[in-house]
Structure formats: structure tokens, C-alpha cells
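J.:
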Amino acid sequence: MTTTLTAYPRFISLEGGEGAGKTTVLNALRAMLQADGADVLSTREPGGTPLAEQIRGLLLRNEPAGEDVAPETELLLMFAARAQHLRHTILPALQRGSWVLCDRFTDSSYAYQGGGRGLPIALIAGLEQHVVGLQPGLTLLLDVGVDEGRARARGRDPSPDRIEREQDDFFERVRNTFLQRAAAEPDRFRIIDASRPADVVAADAVRHLAQWQRAQQS
Ligand code: Z5A
5 MTTTLTAYPR FISLEGGEGA GKTTVLNALR AMLQADGADV LSTREPGGTP LAEQIRGLLL
65 RNEPAGEDVA PETELLLMFA ARAQHLRHTI LPALQRGSWV LCDRFTDSSY AYQGGGRGLP
125 IALIAGLEQH VVGLQPGLTL LLDVGVDEGR ARARGRDPSP DRIEREQDDF FERVRNTFLQ
185 RAAAEPDRFR IIDASRPADV VAADAVRHLA QWQRAQQS
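In terms of my numbering, the sequence shown is residues 5 to 222.
Here it is, written out as C-alpha cells:
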């Protein structure tokens, strides 16, 4: 399926596996833009509105006893949350001229529900086209090995949520899908080696965003 998505230059997404350091980097990017006088909205997926945060709760908590969450249900809930988030939070901010920094966006659905769960890419692309219709101008992919990322996430919170309880091979497929997407869209993606110390990773991300900002102004 050929998709035609509108790219918004001030819409920046952060992607990567668990424990990649997205939250840490997002704070550095926000500080950099604000120091420049920009208005910045920081947000996350799934979530970003009261209803989308409720959907996040449904997605991440343990499933009811005896009832697995079907991959299709998971995908549709991700897109239901995104539909709200886009219309109630992201688009209004972009339309008033703010920068939007988003911890995960549609690339995560390709990586987790496509790569991880094995759902057809055409299904995800169809939802992206018809429910979302836009994409970030710049996506920073924080890439770290699965073992290291999982160890970091466990160090921060030892009680895994429903998705974090998946096996390593699931997260290897997620990582590979992110890397394949980055290779397929080099104009939008920047891959950042997130195995380095947090301050080095953040500085690299800030450098990429500053380059992107300059390119938009020229
Ligand atoms: N999901 C999905 O399946 N489909 C979708 O479409 C979307 C999401 C949108 C929730 O996302 C889950 O939803 C997620 C994907 C799925 N499931 N999983 N797994 P989330 O973003 O809230 O969950 P997460 O990726 O697991 O978050 P995270 O573990 O918090 O990752 P992070 O934000 O990238 O990491 P962090 O909080 O910045 O850092 C984690 C810890 O590592 C923390 O203690 C830091 O101090 C430490 N850290 C950070 N950077 C470093 C470096 N460079 N060195 C050493 N230690 C570090």
C-alpha cells in the first residue's frame, strides 16, 4: 500500500525499545528548545489525553484472568488512543506553532504490533493512513541491545507490565523492525547509539535536533 502522510517539521518523535532512555533524552530536547524561546509540548504514547491515558491503563495492566489480549485488540487500542491524542493534543499544539516532542508514535505500532506480534504491515499502514494521516518530521531512534535495555528498565521498576513480560525474541523483532524502518526512511530517522552514557546520548540527540532546526530555517 502506498501511503501519503503529511510530515510536520515541528513534530519530533522518540522511538526505541524499553530502557533505551527516551524519557531522559526528551527532557534534554525540551530544555534545548525552551532555551531558544520555543513553545514546547512534551507528550507520550499510548496516552497524552485523559481518555488515551485510560486506554494506556487497559493496554499495560495484566489481562483479566483467562482472557488473552488479542494482537488485533492491542493494535486497535493503540490507534484509538492515538486518534484521541492526535486530535486533542498534538494537532492543536502544532497549529498554534508549538514544537511537539512525543515519546513514541506510529513507528512503535509497526515495531511492536507488526514486528513483535506479527500483524500484517498493510493493516497498520491502512490505520496510519486513515486514522493518523501525518508523521513526525524527525524521528530519533535510540538503539540499544535488548539485554541492556531490559536490565535498565528492570533497574528502574522491577514489576514488568503486560508488554514488558514478553520474551527476548519478541524484543529482538521489535528492535529489528525499528532499524529496518530507519534504514527505509533515512530522511526522517536518525539512529542514536543509546548504549553510551546518558549524557552522551542526550548530547547527540540535541545535536541532531539543532541540525534539524537549522535545516528548517534555511
Ligand atoms: N507500545 C506499543 O506496543 N505500540 C505502540 O504503538 C505504542 C507503544 C505507542 C509503553 O511505552 C509500552 O507501549 C511499551 C511499547 C508499547 N512497551 N514496552 N516494552 P513506554 O514508552 O511507556 O514504555 P517503555 O519503552 O518500556 O519505557 P521505558 O522503559 O521507560 O523506556 P525509556 O523511556 O526509553 O527509558 P528511560 O525511562 O529514559 O530510562 C529507563 C532507565 O534507564 C532509567 O532508570 C534511566 O535512568 C536509565 N537510563 C536511561 N538512559 C541510560 C543510559 N544511556 N545509560 C544507562 N542508563 C540509562
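Glycine residues also receive a C-beta, built at the ideal position from the N, C-alpha and C atoms.
Going straight from the alpha carbon of Arg-179 to that of Ala-24, what length do you get?
T.: In the sequence shown, residue 179 corresponds to position 175, counting from 1. In the sequence shown, residue 24 corresponds to position 20, counting from 1. Cα-Cα distance, rounded: 11 Å.
J.: Can you list, in chain order, the stretches of the beta strand (DSSP E) that have 3 or more residues and sit fully within the segment 167 to 207?
T.: Whole beta strand (DSSP E) segments, 3+ residues: 193 to 197.
J.: Quick one, are the C-beta atoms of Ala-209 and Ile-195 less than 8 Å apart?
T.: Your numbering for residue 209 matches position 205 in the sequence shown. Your numbering for residue 195 matches position 191 in the sequence shown. Cβ atoms of Ala-209 and Ile-195: not closer than 8 Å.
J.: Tell me whether Glu-49 sits in a helix, a strand or coil according to DSSP, three-state version.
T.: Against the sequence shown, residue 49 aligns to sequence position 45. Reduced to three states, the DSSP call for Glu-49 is coil.
J.: Does ligand 1 have even one heavy atom less than 7 Å from the beta-carbon of Thr-77?
T.: Mapped onto the sequence shown, residue 77 falls at position 73. No; taking the cut-off as 7 Å, the Cβ of Thr-77 has no heavy atom of ligand 1 nearer than that.
J.: Confirm the yes/no value for this check: CB of Leu-127, any heavy atom of ligand 1, distance under 7 Å.
T.: Position 123 of the sequence shown, counted from the first residue, corresponds to residue 127. Checking the Cβ of Leu-127 against ligand 1 gives no.
J.: Nearest to Glu-168 by CA position, among Arg-177, Arg-154, Thr-181 and Ala-87, is which residue?
T.: Within the sequence shown, numbered from 1, the residue matching residue 168 stands at position 164. Of the candidates Arg-177, Arg-154, Thr-181 and Ala-87, the one whose C-alpha sits nearest the C-alpha of Glu-168 is Arg-154.
J.: Check for me: the alpha helix (DSSP H) holding Gly-61 runs from which residue to which?
T.: As a working note, residue 61 is residue 57 in the sequence shown. Per DSSP, Gly-61 belongs to the alpha helix (DSSP H) from 54 to 64.
J.: Kindly provide the ranges of any alpha helix (DSSP H) runs that are 4 or more residues long and lie completely inside the segment 119 to 155, ordered along the chain.
T.: If we require 4 residues or more, the alpha helix (DSSP H) runs fully inside the segment 119 to 155 come out as 125 to 131.
J.: Just curious, the beta strand (DSSP E) that Val-104 is in, first and last residue?
T.: For the purposes of this step, residue 104 is taken as the residue at position 100 of the sequence shown. First-last of the beta strand (DSSP E) with Val-104: 103 to 107.
J.: When the Cα of Tyr-116 is compared with those of His-92, Asp-172 and Thr-28, which residue comes out closest?
T.: Your numbering for residue 116 matches position 112 in the sequence shown. Selected option, being the one with the closest Cα: Asp-172.
J.: With distances taken between CB atoms, is the gap from Ala-248 to Ala-32 smaller than 8 Å?
T.: Because the chain here runs from 5 to 222, residue 248 falls outside it and cannot be looked at.
J.: What's the gap between the Cα of Phe-185 and the Cα of Asp-111?
T.: The count along the sequence shown starts at 1 and reaches residue 185 at position 181. The count along the sequence shown starts at 1 and reaches residue 111 at position 107. Sequence check: residue 185 is Arg here, not Phe. If you take the alpha carbons of Arg-185 and Asp-111, they lie about 8 Å apart.
J.: Using DSSP's beta-bridge definition, name the partner residues of Tyr-12.
T.: For the purposes of this step, residue 12 is taken as residue 8 along the sequence shown, with counting starting at 1. Tyr-12 pairs with Pro-140.
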